[in-house]
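A.B. asks: Going down the list, the sequences are from chains A and B. Throughout, the numbering used here is defined as the position within the first sequence, counted from one, plus 215. Throughout, the numbering used here is defined as the position within the second sequence, counted from one, plus 8.
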Amino acid sequence: MAKKVALLQGNEACALGAVYAGAKFFGGYPITPSTEVAEVLSAELPKVGGKFIQMEDEIGAMAAIIGASLTGAKSITATSGPGVSLKQELIGYACIAETPCVIINVMRGGPSTGMPTGPGQSDVMQARWGTHGDHAAIALVPNSCQEIFEETVRAFNLSEKYRMPVQVLFDEIVGHMRERIVFPEPGELEIIDRQPPSVSPADYKPYDSSKGQVPPLAAFGSGYKFHVTGLNKADDGFPTTKAELVDAEERRQIDKVMDNVDDILKNEEYLTDDAEVIIWAYGSTSRSARYAVNKLREDGIKAGLFRPLTIWPFPEARTAELAKQCKAIIVAEMNLGQMIYEVERVSKGDCAIGGVFRVDGEPINPGQIVDKVKEVL
Amino acid sequence: MAYDYEKSIRPGKLPHIWCPGCGHGIVMKGLIRAMDTCELDRAKTSIVSGIGCASRLPGYLDACTLHTAHGRAAAFATGVKLADPEMTVIVCGGDGDGTAIGGNHFIHACRRNIDMTYVVMNNYIYGMTGGQFSPCTPTGAKASTTPYGNPDPIFDISKLAIGAGATFVARTTAAHPREIDKLIVQGIKHKGMAVIEVLDDCPTTYGRRNKFRSVVDMMKELKKNAVPAKAAAKMTAEQLQGKFLTGVLFQDTEKPEYCEMYQEVINKAQGA
Ligand SMILES: Cc1ncc(C[n+]2csc(CCOP(=O)(O)OP(=O)(O)O)c2C)c(N)n1
Ligand code: SF4
Numbered sequence: 216m217a218k219k220v221a222l223l224q225g226n227e228a229c230a231l232g233a234v235y236a237g238a239k240f241f242g243g244y245p246i247t248p249s250t251e252v253a254e255v256l257s258a259e260l261p262k263v264g265g266k267f268i269q270m271e272d273e274i275g276a277m278a279a280i281i282g283a284s285l286t287g288a289k290s291i292t293a294t295s296g297p298g299v300s301l302k303q304e305l306i307g308y309a310c311i312a313e314t315p316c317v318i319i320n321v322m323r324g325g326p327s328t329g330m331p332t333g334p335g336q337s338d339v340m341q342a343r344w345g346t347h348g349d350h351a352a353i354a355l356v357p358n359s360c361q362e363i364f365e366e367t368v369r370a371f372n373l374s375e376k377y378r379m380p381v382q383v384l385f386d387e388i389v390g391h392m393r394e395r396i397v398f399p400e401p402g403e404l405e406i407i408d409r410q411p412p413s414v415s416p417a418d419y420k421p422y423d424s425s426k427g428q429v430p431p432l433a434a435f436g437s438g439y440k441f442h443v444t445g446l447n448k449a450d451d452g453f454p455t456t457k458a459e460l461v462d463a464e465e466r467r468q469i470d471k472v473m474d475n476v477d478d479i480l481k482n483e484e485y486l487t488d489d490a491e492v493i494i495w496a497y498g499s500t501s502r503s504a505r506y507a508v509n510k511l512r513e514d515g516i517k518a519g520l521f522r523p524l525t526i527w528p529f530p531e532a533r534t535a536e537l538a539k540q541c542k543a544i545i546v547a548e549m550n551l552g553q554m555i556y557e558v559e560r561v562s563k564g565d566c567a568i569g570g571v572f573r574v575d576g577e578p579i580n581p582g583q584i585v586d587k588v589k590e591v592l
Numbered sequence: 009m010a011y012d013y014e015k016s017i018r019p020g021k022l023p024h025i026w027c028p029g030c031g032h033g034i035v036m037k038g039l040i041r042a043m044d045t046c047e048l049d050r051a052k053t054s055i056v057s058g059i060g061c062a063s064r065l066p067g068y069l070d071a072c073t074l075h076t077a078h079g080r081a082a083a084f085a086t087g088v089k090l091a092d093p094e095m096t097v098i099v100c101g102g103d104g105d106g107t108a109i110g111g112n113h114f115i116h117a118c119r120r121n122i123d124m125t126y127v128v129m130n131n132y133i134y135g136m137t138g139g140q141f142s143p144c145t146p147t148g149a150k151a152s153t154t155p156y157g158n159p160d161p162i163f164d165i166s167k168l169a170i171g172a173g174a175t176f177v178a179r180t181t182a183a184h185p186r187e188i189d190k191l192i193v194q195g196i197k198h199k200g201m202a203v204i205e206v207l208d209d210c211p212t213t214y215g216r217r218n219k220f221r222s223v224v225d226m227m228k229e230l231k232k233n234a235v236p237a238k239a240a241a242k243m244t245a246e247q248l249q250g251k252f253l254t255g256v257l258f259q260d261t262e263k264p265e266y267c268e269m270y271q272e273v274i275n276k277a278q279g280a
């Protein structure tokens, strides 16, 4: 049987990807350019017995999805930069309480209201550091409608597997662009669910990591009684101020990501094997970058594209290798320079680094990248 | 026979953090008695709180307990309840947590009429952070941030809840411990958003600054000013000056409950 295909907006693909992944709860607050994710889920979730709630603000939305997730429902919210700013305190809560959930950020530009209908990529550092305290982050950056569907599924998988919030960031261009998408059959993409406890309710400890870095998670209402708090806690979930326990917990919650980067990282490379210059680009900008690579090759310049689909954790090892191999890395991003700091940090001066930045609400075009490469080389 | 509270308390979790004479402990005992009266299955009961002295309560009780972030309890609880409408959801916390930083979530939970029982421990001060004024600190009173007396008018939490759409609203005080569990029982049994405001005391950060010589004085003041709603009906405005009403202040059994409304959405979506 032929697969189901459709012409879909990125935001719609995201919503349908969430349903495919088994999402059963959405809590959100409308904001351009993300609103279609909510609109589609308000129609689709009840069809599968899931729940959609429009909360009073983004903080409430984040709170509701954490509450729902602890009650066993795979949960998601969708917003844009200003909404993520509001969610920050509770993103940290989801980190320390180790609660799986997915946060979609359809990025626009500017601090504050900025340009609500224009694209941007200026929330990538917010995705890494946007909450107080030390914590690990996982963030994915798809660049097409098909990929938004698939990466939303992967975001759920990672959040369930590592018991933590996962952010998916794409910009207004991909969010609102329509492309043909081919729906995977049920079962075609892997679906990962959180690991349930194997012990009896009486023996259950919600943060017991003796059998692995990610403790099994029971659901409220399933027979297990346990305590969840945002305070530093011992393995039984109750607050502690014992230095060694606090230290071990904080480190474990970061190590569970950093020890598993091979599982979490994903990237695409185009003509990097012999490349003298690497364009380092993500999201919709990587589409222009691919054009630029072709154009440069036509002009006799050995260019290649490195495109991370996971930006957090940062693809350190591969970026460092490429820096050793090539003469220059050009980072193209719709902000005034954010990921370029990471590229500079890990390339340790092994090659020249240049940036192509743009924040005027227009996409970066291939010509800009080509010009920059010629300037740097 | 003395009431056995121990069986509801998580082993090893006492002593609690509350100061001697703090009213929050009286509310917790009332909640335990109410949960027993309702014969709640603890594994199907979630107790959700925010941050503050009052919000430490869930940690002591044996149930599915969720100690969240300052002000956000009602929103977390909304997620728990909607995800599993079979859970009994109880929210508890202070006046600051519920009506200042959490005011927005509080009124919207009331508006939705989602089936939960919200016990507000109103000690009219931010206890945990050392006695800054809250939206419920009486005008003129002393708090650590009102050295010249509080210039702010107050929220009447019960009226706020009624105005926002809660369908069971009641008030009592820590000086009326028996009424606490009676009202919480009614709140739990009520289908919809129940708000039980319990006026209690913070001797440490409020009493001290406001010339209460002892906890007993604070309790006496609560007793003196509490007027049962029924009795108030026969009193003049003059006689009610400076008093507050207690007992069941409002109940509406007609307004649909939120999770039931959402079940209708599911039925429609599934074409039933
Ligand atoms: C976002 C945030 N802001 C401020 C605080 C500090 N804080 C902790 S408890 C509290 C006030 C608690 O007062 P209330 O809710 O009335 O409870 P009580 O301690 O009096 O029982 C404040 C302001 C915090 N924890 N988080
Ligand atoms: S500071 Fe006040 S509210 Fe907090 S425990 Fe002490 S008496 Fe109770």
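Glycine included, each C-beta is placed from N, C-alpha and C at the ideal position. Quick caveat, the model's predicted, so the values are computed rather than measured.
Tell me the DSSP secondary structure of A:Ala-529 in three-state form.
C.D. replies: According to the sequence as given, residue 529 of chain A is Phe; it is not Ala. Three-state DSSP puts A:Phe-529 in coil, outside helix and strand.
A.B. asks: Indicate whether at least one CB of chain A lies closer than 9 Å to the CB of B:Gly-67.
C.D. replies: True, the Cβ-Cβ gap to chain A drops below 9 Å.
A.B. asks: Nearest to A:Met-277 by alpha carbon, out of A:Val-368, A:Gln-382 and A:Glu-251?
C.D. replies: That would be A:Gln-382, whose Cα lies nearest to the Cα of A:Met-277.
A.B. asks: Just to make sure I have the definition right: I need the residues of chain B whose C-beta is within less than 8 Å of the C-beta of A:Phe-441. Which are they?
C.D. replies: Cys-72 and Thr-73, listed in chain order.
A.B. asks: Compute the beta-carbon to beta-carbon distance between B:Pro-143 and B:Phe-163, rounded to the nearest angstrom, for a pair I have assumed lies under 8 Å.
C.D. replies: Going by Cβ atoms, the distance from B:Pro-143 to B:Phe-163 rounds to 4 Å, so yes, they are a contact pair.
A.B. asks: Rounded to whole angstroms, how far is the Cβ of A:Val-321 from the Cβ of A:Glu-387, which I believe are closer than 8 Å?
C.D. replies: The pair is a contact, with the Cβ atoms about 6 Å apart (cut-off 8 Å).
A.B. asks: Taking only runs of the alpha helix (DSSP H) that begin and end inside the region 106-162 of chain B, which ones reach a length of at least 4 residues, in chain order?
C.D. replies: 111-120, all fully within the region 106-162 of chain B.
A.B. asks: Taking B:Arg-80 as the query, report the chain A residues whose CB atoms sit under 8 Å from its CB, ordered along the chain.
C.D. replies: Within chain A, the residues near B:Arg-80 are Ile-274, Gly-275, Ala-278 and Leu-305.
A.B. asks: Distance, Cα to Cα, B:Glu-47 vs B:Ser-16?
C.D. replies: Each residue's Cα considered, the two are about 12 Å apart.
A.B. asks: Taking C-alpha atoms, which residue in A:Cys-316, A:Thr-286 and A:Gly-298 lies nearest to B:Met-95?
C.D. replies: If we check each option's Cα against that of B:Met-95, A:Thr-286 comes out closest.
A.B. asks: In the DSSP assignment, find the unbroken beta strand (DSSP E) run with A:Pro-331 in it and report its ends.
C.D. replies: Careful: A:Pro-331 lies outside any beta strand (DSSP E) and carries neither H nor E.
A.B. asks: What does the alpha-carbon distance come out to for the pair A:Asn-475 and A:Phe-453?
C.D. replies: Going from the Cα of A:Asn-475 to the Cα of A:Phe-453 covers about 27 Å.
A.B. asks: So B:Tyr-270 contacts chain A; which residues on that side make the cut at Cβ distance below 9 Å?
C.D. replies: What B:Tyr-270 touches in chain A: Pro-261, Lys-266, Phe-267 and Ile-268.
A.B. asks: Which residues of the region 281-294 of chain A have a Cβ closer than 7 Å to any Cβ of chain B? Give them in chain order.
C.D. replies: Against chain B - using a Cβ distance shorter than 7 Å - the residues of the region 281-294 of chain A are Ile-281, Gly-282, Ala-283, Leu-285, Thr-286, Gly-287 and Ala-288.
A.B. asks: Taking Cβ positions, are B:Ile-98 and B:Tyr-266 nearer each other than 9 Å?
C.D. replies: Going by C-beta atoms, B:Ile-98 is not nearer than 9 Å to B:Tyr-266.
A.B. asks: Which partner residues does A:Ile-268 have in the DSSP bridge list?
C.D. replies: Its beta-bridge partners are A:Gly-242.
A.B. asks: Could you check what DSSP says for A:Pro-421 in three-state terms: helix, strand or coil?
C.D. replies: It is coil, neither helix nor strand.
A.B. asks: Would you mind stating whether A:Phe-385 and A:Ile-363 have Cβ atoms separated by less than 9 Å?
C.D. replies: Against a cut-off of 9 Å, the Cβ pair of A:Ile-363 and A:Phe-385 comes out as a contact.
A.B. asks: With ligand 2 as the reference, list in chain order each residue whose Cβ lies under 6 Å from any of its heavy atoms.
C.D. replies: Listed along the chain, these residues meet the criterion: B:Trp-26, B:Cys-27, B:Cys-30, B:His-32, B:Cys-61, B:Asn-131, B:Gly-135, B:Met-136, B:Cys-210, B:Pro-211, B:Thr-212 and B:Thr-213.
A.B. asks: Kindly identify the DSSP beta-bridge partner or partners of A:Cys-310.
C.D. replies: DSSP, once it has assigned bridges, lists no residue as partnering A:Cys-310.
A.B. asks: Would you say B:Val-128 faces chain A, with C-beta separation under 9 Å as the test?
C.D. replies: It does not; no Cβ of chain A falls within 9 Å.
A.B. asks: Rounded to the nearest angstrom, what separates A:Leu-446 and A:Pro-401 at their Cα positions?
C.D. replies: Looking at the two C-alpha atoms, the distance is approximately 40 Å.
A.B. asks: Using CA atoms only, rank isn't needed, just tell me which of A:Asp-423, A:Tyr-377 and A:Leu-373 is closest to A:Glu-405.
C.D. replies: It is A:Leu-373.
A.B. asks: For A:Arg-573, which residues from the same chain have a beta carbon less than 6 Å from its beta carbon, with the 5 sequence-adjacent residues on both sides left out?
C.D. replies: Only Met-549 and Ile-579 meet the Cβ criterion.
A.B. asks: Could you confirm whether any beta carbon from chain B is found closer than 9 Å to the beta carbon of A:Pro-416?
C.D. replies: Output row for A:Pro-416: interface = yes.
A.B. asks: Is there a Cβ of chain A sitting closer than 9 Å to that of B:Leu-90, yes or no?
C.D. replies: Closer than 9 Å: yes.
A.B. asks: Looking at ligand 1, does it come within less than 8 Å of B:Glu-229, judged from the CB to the closest heavy atom?
C.D. replies: No.
A.B. asks: Does ligand 1 have even one heavy atom less than 8 Å from the beta-carbon of A:Ala-490?
C.D. replies: It does not: the Cβ of A:Ala-490 is nowhere closer than 8 Å to a heavy atom of ligand 1.
A.B. asks: Please classify A:Gln-341: is it buried, with 16 or more other beta-carbons within 10 angstroms of its beta-carbon, or exposed?
C.D. replies: By the neighbour-count rule (16 or more Cβ atoms within 10 Å), A:Gln-341 is buried.
A.B. asks: Do the CB positions of A:Ile-306 and A:Phe-241 come within less than 9 Å of each other?
C.D. replies: Not a contact, by the Cβ cut-off of 9 Å.
A.B. asks: Could you pull the start and end residues of the beta strand (DSSP E) that A:Phe-385 belongs to?
C.D. replies: Its beta strand (DSSP E) spans residues 380-386.
A.B. asks: Counting contacts by CB-CB distance shorter than 9 Å, is A:Glu-271 in contact with chain B?
C.D. replies: Interface residue, yes.
A.B. asks: Does DSSP classify B:Gly-101 as helix, strand or coil?
C.D. replies: Note: B:Gly-101 maps to strand in three-state DSSP.
A.B. asks: Where do the N-terminal and C-terminal ends of the beta strand (DSSP E) with B:Ser-57 fall, by residue?
C.D. replies: B:Ser-57 -> beta strand (DSSP E) spans 53-57.
A.B. asks: Tell me, please, whether the CB atom of B:Glu-94 is closer than 9 Å to any CB atom in chain A?
C.D. replies: It does: the Cβ of B:Glu-94 has a partner Cβ on chain A nearer than 9 Å.
A.B. asks: Cβ of A:Ala-458 less than 9 Å from any chain B Cβ?
C.D. replies: Not closer than 9 Å to any Cβ of chain B, the Cβ of A:Ala-458 fails to qualify, so no.
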